[in-house]
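A.B. asks: First residue of the sequence shown? That's 760 in our numbering, and the numbers climb one at a time after it.
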Amino acid sequence: MATPPPTGPLCTRDSIARELLALGVRPGETLLAHTSLSALGWVSGGAVALVQALLDALGPEGTLVVPAHSGDNSEPSAWQNPPVPEEWWPVLRASMPAYDPLTSPTYGVGIVPETVRTWPGALRSAHPQTSFAALGPAAATITAGHARDCRLGERSPLARLEKAGARVLLLGAGYDACTSFHLAEYRVPGPEEENSFAAMTSRGRVWKTVRERSISEEGFAELGAAFEKDSEVVRGFVGAAESRLFPVADAVAYAERWLATNRPAHPDPQGRP
């Protein structure tokens, strides 16, 4: 069977950079980008060209930040895609490689974050599951001090992005990918949970369990639609990708109010009050 011809539009590094600037990306700003490469159309040069275009639009004084999550470094008893046999769980806990910002690949966040993570000069935060990678003058400030018991809260890059006046770019991605909403989760009452991963410590590799705020993308699409209706969100297209621009701080503040009203506090998953 013949392979169907590619669908357009045909996008290049230069065309993407021009359209990002036309959308409203500002040279010199700090940008948290959530991207869908396939949504753009046919990109000459793929993920590398897209990252080059983002850096071109931001210029030498701008900073590009992406989620570089590695959620496969996690408690195997909770795996669902696919689940694994119970007799494997102890072996997996004992053998899973410890998180290393330099070598641990991203998982489940697409090819663009993996491309940024491996880009010359990229820095990456320290959380074994929910790290962020960054390129640019503000990269060290944004990625520093990511606590292991704070996936996406006050001691994560999200809080530093908020403080820095960064903006979110949803490039063909939906609001369900908007990590900024998670920062709001930490600021409203909600359950806690145990979270486990393989990490390096002064004693070497350990299987570590911490207790922290439970997080979920439940309702984020609905939250995003309400946020867009009530807030100033820049909308447009880059290639064929419907795209949005808005401040991290605006998204977090709106989500705090929305979650407090629309997502009642769930009981603690560990059975504690």
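Just so you know, even glycine gets a beta-carbon here, dropped at the ideal spot from N, CA and C. Note that the coordinates shown come from a computational prediction; the quantities given were computed from them, not determined experimentally.
In chain order, what residues of the same chain have a beta carbon less than 7 angstroms from the beta carbon of Thr865, not counting five sequence neighbours either side?
C.D. replies: Taken in chain order, the residues that qualify are Ala827, His828, Ser829, Pro872, Glu873, Arg876.
A.B. asks: According to DSSP, what are the bridge partners of Trp966?
C.D. replies: Answer by DSSP bridge pairing, in chain order: Ala957.
A.B. asks: Are the Cβ atoms of Ala881 and Val824 separated by less than 8 angstroms?
C.D. replies: The answer is no: Cβ separation not under 8 angstroms.
A.B. asks: For Thr822, which residues does DSSP report across the bridge?
C.D. replies: DSSP, once it has assigned bridges, lists Thr789 as partnering Thr822.
A.B. asks: Specify the secondary structure class of Val993 as computed by DSSP and reduced to three states.
C.D. replies: Three-state result, Val993: strand.
A.B. asks: Could you compute how far the alpha carbon of Thr770 sits from the alpha carbon of Val992?
C.D. replies: The sequence given here places Cys at residue 770; Thr does not occur at that position. The straight-line gap from Cα to Cα measures roughly 24 angstroms.
A.B. asks: Taking the straight line between their C-alpha atoms, what separation do you get for Thr889 and Leu911?
C.D. replies: If you take the alpha carbons of Thr889 and Leu911, they lie about 7 angstroms apart.
A.B. asks: Is Ala792 closer than 8 angstroms to Leu928 when the C-beta atoms are compared?
C.D. replies: A contact, by the Cβ cut-off of 8 angstroms.
A.B. asks: Check whether the region 956–967 touches the region 1001–1009, taking contact to mean three or more Cβ pairs, one atom from each stretch, closer than 8 angstroms.
C.D. replies: Output reads no: the region 1001–1009 does not touch the region 956–967.
A.B. asks: So, helix, strand or coil for Arg1022, using DSSP?
C.D. replies: Reduced to three states, the DSSP call for Arg1022 is coil.
A.B. asks: Between the alpha carbons of Leu1018 and Ile901, how many angstroms are there, rounded?
C.D. replies: Those two C-alpha atoms are separated by around 26 angstroms.
A.B. asks: Would you kindly report the start and end of the unbroken alpha helix (DSSP H) that includes Val850?
C.D. replies: Start and end: 848–854.
A.B. asks: Quick one: what's Trp801 bridged to in DSSP?
C.D. replies: Paired residues: Leu769.
A.B. asks: In whole angstroms, what separates the C-alpha of Leu982 from that of Leu942?
C.D. replies: The alpha-carbon atoms of Leu982 and Leu942 are separated by roughly 14 angstroms.
A.B. asks: My output table needs one value for Tyr866: the three-state DSSP class, helix, strand or coil.
C.D. replies: Residue state, collapsed to three classes: strand.
A.B. asks: My guess is that Pro860 and Ala885 are in contact by the Cβ rule of under 8 angstroms, so how many angstroms apart are they, rounded?
C.D. replies: Pro860 to Ala885, Cβ: 7 angstroms. Contact.
A.B. asks: Quick check: what's the CA-CA separation for Arg972 versus Gly867?
C.D. replies: So the alpha carbons of these two residues sit roughly 21 angstroms apart.
A.B. asks: Is Gly983 near the ligand FAD, with its Cβ less than 7 angstroms from a heavy atom?
C.D. replies: As far as ligands go, the structure on display features none, and thus does not contain the ligand FAD.
A.B. asks: For my contact list, Arg772 and Gly804 are in at a C-beta cut-off of 8 angstroms; report their separation, rounded to the angstrom.
C.D. replies: Arg772 to Gly804, Cβ: 6 angstroms. Contact.
A.B. asks: How big is the Cα-Cα spacing for Glu953 and Arg883?
C.D. replies: C-alpha separation (whole angstroms): 24 angstroms.
A.B. asks: Using C-beta distances below 8 angstroms, list every residue in its chain close to Ala923, excluding the 5 sequence neighbours before and after it, in chain order.
C.D. replies: Taken in chain order, the residues that qualify are Thr789, Ala897, Thr900, Ile901.
A.B. asks: Using the Cβ count rule (16 or more neighbours within 10 Å means buried), how would you classify Pro948?
C.D. replies: Label assigned to Pro948: exposed.
A.B. asks: On a Cα-Cα basis, can you pick out the residue from Val784, Ala906, Glu944, Glu845 that is closest to Glu820?
C.D. replies: For Glu820, the nearest C-alpha among the options comes from Val784.
A.B. asks: Have a look at the DSSP bridge pairing and note the partners of Thr794.
C.D. replies: Answer is Leu930, bridged to Thr794.
A.B. asks: Figure out for me which residue from Gly767, Thr766, Leu796 has the closest Cα to the Cα of Gly931.
C.D. replies: Here the closest residue by C-alpha is Leu796.
A.B. asks: In chain order, which continuous runs of the alpha helix (DSSP H) of length 4 or greater are located wholly inside the region 895–927?
C.D. replies: If we require 4 residues or more, the alpha helix (DSSP H) runs fully inside the region 895–927 come out as 898–902, 916–922.
A.B. asks: Can you give me the C-alpha to C-alpha distance between Gln839 and Ser975, rounded to a whole angstrom?
C.D. replies: So the two alpha carbons sit approximately 15 angstroms from each other.
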